[in-house]
Amino acid sequence: MLFVLSEMFILPQLLLILVLVICFLSASDFSPNVNDYNAYGLKIAANNLILVEAQNDLDWFNIQLAPYTDDVTKNDERGCFLGYNDSSWYVYTIALGKNQSTYSFFFVGEMIGLDEDEKLPNRTFVGFINYNGSLDAIDCDDFILAKTYVTGAFTHQEQLVMTTDPLGSVAYGFSDLFTFSYTASTNNLTVQQNNSPSPSTPFLPYAVDYDGSHGIIAGFLKNDQNSRIKYNTTVILFTIDASTAAVTPITSWRYPMNGTTWQAGQTNAGADKNDPKFDILITVQFTLPNSYTIGGVRIGLSAPGKNKSSTAILQDLGFSQTFNQSGGILGQDVRITLQLTKVINNTNPLITGDDEALSGIWIGSFLVNYDESFMTNTSYLNAPPKTSTNLTLTISETPYYILNEQSPIARLPEIIYHDFLYITMIIGMFVLIFVIAEVMILPCVSWLIRKCRRNADDKYRTDSSHQSVADPDDAYSSIYDSNRQQSSKHKHNSAVVNNVTSLQRQQYTLNQYANRIEDDSQQLPTMWNRQAYL
5 MLFVLSEMFI LPQLLLILVL VICFLSASDF SPNVNDYNAY GLKIAANNLI
55 LVEAQNDLDW FNIQLAPYTD DVTKNDERGC FLGYNDSSWY VYTIALGKNQ
105 STYSFFFVGE MIGLDEDEKL PNRTFVGFIN YNGSLDAIDC DDFILAKTYV
155 TGAFTHQEQL VMTTDPLGSV AYGFSDLFTF SYTASTNNLT VQQNNSPSPS
205 TPFLPYAVDY DGSHGIIAGF LKNDQNSRIK YNTTVILFTI DASTAAVTPI
255 TSWRYPMNGT TWQAGQTNAG ADKNDPKFDI LITVQFTLPN SYTIGGVRIG
305 LSAPGKNKSS TAILQDLGFS QTFNQSGGIL GQDVRITLQL TKVINNTNPL
355 ITGDDEALSG IWIGSFLVNY DESFMTNTSY LNAPPKTSTN LTLTISETPY
405 YILNEQSPIA RLPEIIYHDF LYITMIIGMF VLIFVIAEVM ILPCVSWLIR
455 KCRRNADDKY RTDSSHQSVA DPDDAYSSIY DSNRQQSSKH KHNSAVVNNV
505 TSLQRQQYTL NQYANRIEDD SQQLPTMWNR QAYL
């Protein structure tokens, strides 16, 4: 009997202990792996102004301001490590505006150490950090942090994503239990306590993007309990009201889970828990039909000239300039400044006392900010829709003008005097050339000619002299022999006559040579005496 009573007393205690163990095992606190930078969302974001990384293992934001460089020293000078406001923070994701002009960013996260299944207020926090300091020397104390909490009581959120408008002014958050909008300028957080992207069916958001007017959110829709596929991949096109955080679905698209896709055998079981295999990345890229973009613009001014008087002339005005940017299209708000400068040409008269001649023209110079006036196709599609392009042209006159003064090099009397000097100089040059030719050039040429001719005559005379010296001896010998023969027998008369004739011819030749060359007259008598002697 005692044994039966003991068993009856012990059995309820065992059941109570078992229930307590089961409750203890089922209840758990939120304790994420802070070293996993891919868990629960994107921990890094960047645009052309700022780069931010949430480092949950170190409890700070790693912030880097543009311009970005590979120089570690310069990066350190333009970077800061901004600590979390609470060591219990776990940042899910960071959001930046694509076209924002401020050095700021949004962040969203959840408190660590809270029971995941218990509905608690102030579990989810949303914040905004803005830099108000100098961009030349970065001061980390000039980063201003503003934060707020979701005051409604909610359980732990496994899926919590956030995005912002292109200007980075309003952040939008989505979970499976609520949506919110957070306006940075007023630090106002508005929460919508339902799953507004899919009110009738539980929807687990994994990725979102927003262009300022429309957004796309991707995630998993829960199926019926009896379905083999537990969750379907779904993309929803929506709009959201920043004042109420209410989402209006426009259309949705489900990824086909049939035999033609690689996911045909996937059930997506476990998509309600954070797992890298279910991560989704999505980017909005709208294609607007019947939209015709403008690649550039050409601006110019033209006007006919006008004669104010016989001495004042306004020239024709006609100039233009084309503005375009490689890879860009004309933006929706273009501002161009045209500055006009007067250019006056003042021509002084040739004759003193005559009127001056004035002519003028406008010269224009354009000023345009290409970064503001042109944008890429993606930026154009993401910009707020407009039905027209606003072109603002500001025309102004520069406070200065250009005066070009033209004066004659010389007046009329000076020109006549210079012409007279020039003609006199030309005549003098001709006289000088004539004198040089008569005094120096021609005598030198004559002397060279005589010199060359004298050398030729000396050679000829030398040869003739040798011949003449030999011939008288022969003649004398012949005469002597003939005289001897004549005295003896009076023979060979014809030979004597021939010799005499030869001497006469030779003498005649020498006389001609003497008459031709007068300078050699002193040497010829010797030869003539010898011939006379002969």
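Quick note on numbering: the numbering used here labels position 415 of the sequence shown as 419, and the sequence is numbered without any gaps.
For every residue, glycine included, the Cβ atom is placed at its ideal position computed from N, Cα and C.
Predicted model only: the values in this text are computed from it and were never measured.
C-beta contact flag for residue i and residue j at 9 Å
i	j	result
GLY172	PHE109	yes
ILE303	LEU342	yes
HIS218	PHE34	no
VAL95	PHE184	no
ASN198	PHE182	yes
TYR384	GLN336	yes
ILE220	ASP213	yes
ASN66	PHE85	yes
ILE348	SER324	no
THR255	PHE207	no
GLN329	GLY309	no
PRO344	GLU401	Looking at the sequence shown, residue 344 is not Pro but Leu. Contact flag set, yes.
ILE98	VAL56	yes
LYS346	ILE406	yes
LYS47	ASN60	yes
ASN134	THR106	yes
LEU149	ASN89	yes
SER306	GLY331	no
SER252	VAL338	Here residue 252 turns out to be Thr, not Ser, going by the sequence shown. It is not a contact, given that the beta carbons lie outside the stated cut-off.
ILE298	ILE333	yes
Three-way DSSP call (helix, strand, coil) for residue i in this model
i	result
TYR44	coil
LEU416	helix
PRO308	coil
THR168	strand
PHE28	Residue confidence for PHE28 is low, a pLDDT of 41 falling below 50, so the modelled location carries little weight; the figure read from the coordinates is stated next. Here PHE28 sits in helix by DSSP.
ALA539	Outside the shown range of the chain (5 to 538) lies residue 539, about which nothing can therefore be said.
ASP337	strand
ARG82	coil
VAL154	coil
GLY299	coil
VAL95	strand
SER450	helix
TYR384	helix
GLN319	coil
VAL56	strand
THR428	helix
LEU436	helix
Buried versus exposed, by CB contacts within 10 Å (16 or more), residue i
i	result
ASN236	buried
GLY216	buried
ARG127	buried
ILE430	exposed
CYS144	exposed
THR205	exposed
THR243	exposed
ALA157	exposed
VAL165	buried
THR73	exposed
PHE224	buried
SER311	It should be noted that the sequence gives Asn, not Ser, for residue 311. With fewer than 16 other Cβ atoms within 10 Å, it is exposed.
ALA441	exposed
Closer than 9 Å to chain D by CB, residue i
i	result
ASP90	The structure shown has no chain D; it contains just one protein chain.
Contact test: residue i Cβ vs the ligand NAD heavy atom, cutoff 8 Å
i	result
GLN329	Among the components modelled here there is no ligand, and therefore nothing to report on the ligand NAD.
One or two residues paired with residue i in a DSSP bridge
i	result
ASP33	ASP119
TYR541	The requested residue 541 does not occur in the structure, where the chain is confined to residues 5 to 538.
SER400	GLN343
GLU442	Per DSSP, none; premise fails for GLU442.
SER324	GLY304
GLU162	None, per the DSSP bridge assignment.
Please specify which runs of the beta strand (DSSP E), each continuous and at least 3 residues long, are wholly inside the stretch 192 to 268, giving them in chain order.
-> 192 to 196, 207 to 214, 219 to 226, 235 to 244 and 251 to 258
May I have a chain-ordered list of the beta strand (DSSP E) segments no shorter than 3 residues that lie completely inside the stretch 341 to 378?
-> 361 to 372
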